[in-house]
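Visitor: Let me begin by handing over the structure; questions about it come next.
2 protein chains.
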Amino acid sequence: MPNIPNSSEISLTTVFNALGDPIRMKIAYCLASTGEKNCSTFEVGHISKSTLSHHIKVLREAGVIQPRIAGKQHFYSFRKEDLSIRFPGLMDLILNSAEVGIHKSSIQVINISDHN
Amino acid sequence: MPNIPNSSEISLTTVFNALGDPIRMKIAYCLASTGEKNCSTFEVGHISKSTLSHHIKVLREAGVIQPRIAGKQHFYSFRKEDLSIRFPGLMDLILNSAEVGIHKSSIQVINISDHN
DNA sequence: CAATCAGTTCGAAAAAAATCGAACATTGAA
DNA sequence: TTCAATGTTCGATTTTTTTCGAACTGATTG
Chain A
1322 MPNIPNSSEI
1332 SLTTVFNALG
1342 DPIRMKIAYC
1352 LASTGEKNCS
1362 TFEVGHISKS
1372 TLSHHIKVLR
1382 EAGVIQPRIA
1392 GKQHFYSFRK
1402 EDLSIRFPGL
1412 MDLILNSAEV
1422 GIHKSSIQVI
1432 NISDHN
Chain B
1322 MPNIPNSSEI
1332 SLTTVFNALG
1342 DPIRMKIAYC
1352 LASTGEKNCS
1362 TFEVGHISKS
1372 TLSHHIKVLR
1382 EAGVIQPRIA
1392 GKQHFYSFRK
1402 EDLSIRFPGL
1412 MDLILNSAEV
1422 GIHKSSIQVI
1432 NISDHN
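Put into structure tokens, the structure is as follows:
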């Protein structure tokens, strides 16, 4: 299950596909900005652990993040070295988009006068 | 129908979501590298015109491409100015990934000895 | 005006992705 | 060894996306 692609196998389309989801973008941003973290500390909303596990898998298989297993804890980190060689600018793009969490599907229009 | 977001409304996650599809990545690469084009000239595989229209819509609504309607023809272009201000480096990322068309889901393993 | 061309929209079907709870590992601790 | 903690995997369900053909729209052409 440590099924992670090597640097040369990482595809931009697949990386974009992985990052094109608000939860996964949050995780990637979190790891890119603060370094290695245990996945229980990811600040995603209320999702089940199996769902989180799934999103982590998508990021891992796309080549965005890297696991390090220490005992019963799994630490993840952004694949900074590999990605900055293969796709220079990608990490900055993620870091500079402070819009993390803002995605078309997560925008809600609250209409105050709408009281049905 | 000219439902295109203005520059400040373009979300990186939504852009990544749009580009995280091999057909749409092809279209974006095509436009980013060669400028304005009529959509009938996109070199995507055999897809119906309604499917192509759908993919164009996703790219347009994400803010990746821009339409210009001239008579009965629709010309599209990559939103170079807006995107390079909002997400510097994104266009180069797309241009430098000559892997266009290579995506996990489009890789086929041909086994020569498999003659059933 | 009728026909054609270029493309969008609609409706339905198929495929893919997201989500969850339950069951399953594996590690570390009592 | 038994239990709890930290995940992953499985199976099912729901939701979203992709895809197509048919019908539609708007502009040009005969």
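Chains as they are written, first to last, in the working numbering: chain A, 1322 to 1437; chain B, 1322 to 1437.
Note that the Cβ used here is the ideal one computed from N, Cα and C, for glycine as well.
Since we're looking at a predicted model, the values are computed, not measured.
Could you confirm whether any beta carbon from chain B is found closer than 8 angstroms to the beta carbon of Ser1418/A?
Guide: yes
Visitor: Rounding to the nearest angstrom, what Cα-Cα distance links Leu1404/B and Ala1349/A in this structure?
Guide: Distance between the alpha carbons of Leu1404/B and Ala1349/A is about 21 angstroms.
Visitor: Kindly list, in the order they appear in chain A, the residues whose Cβ is closer than 7 angstroms to that of Phe1399/B.
Guide: Correct list: empty, because the minimum Cβ distance to chain A is about 15 angstroms.
Visitor: Spatial neighbours of Leu1416/A within its chain, please: CB distance less than 8 angstroms, with the 5 preceding and 5 following residues excluded, ordered by chain position.
Guide: Tyr1350, Ala1353 and Ser1354
Visitor: Return the residue from the list Ser1332/B, Gly1341/B, Arg1345/B and Lys1370/B that minimises the CA-CA distance to Thr1335/A.
Guide: Gly1341/B
Visitor: Tell me the DSSP bridge mates of Lys1358/A?
Guide: Answer is Tyr1397/A.
Visitor: How far does the beta strand (DSSP E) with Gln1390/A in it reach, from first residue to last?
Guide: Looking at the sequence itself, residue 1390/A is Ile, so the reference to Gln does not match. Per DSSP, Ile1390/A belongs to the beta strand (DSSP E) from Ile1386 to Ala1391.
Visitor: In the DSSP assignment, find the alpha helix (DSSP H) that holds Val1336/A and state where it starts and stops.
Guide: Leu1333 to Leu1340
Visitor: Restricting to Cα atoms, I'd like to know which of Lys1393/B, Ile1325/B and Met1346/B is closest to Pro1414/B.
Guide: According to the sequence displayed, residue 1414/B carries Leu and not Pro. Here the closest residue by C-alpha is Met1346/B.
Visitor: 8 angstroms is my cut-off, CB to CB: does Pro1343/A come that close to chain B?
Guide: yes
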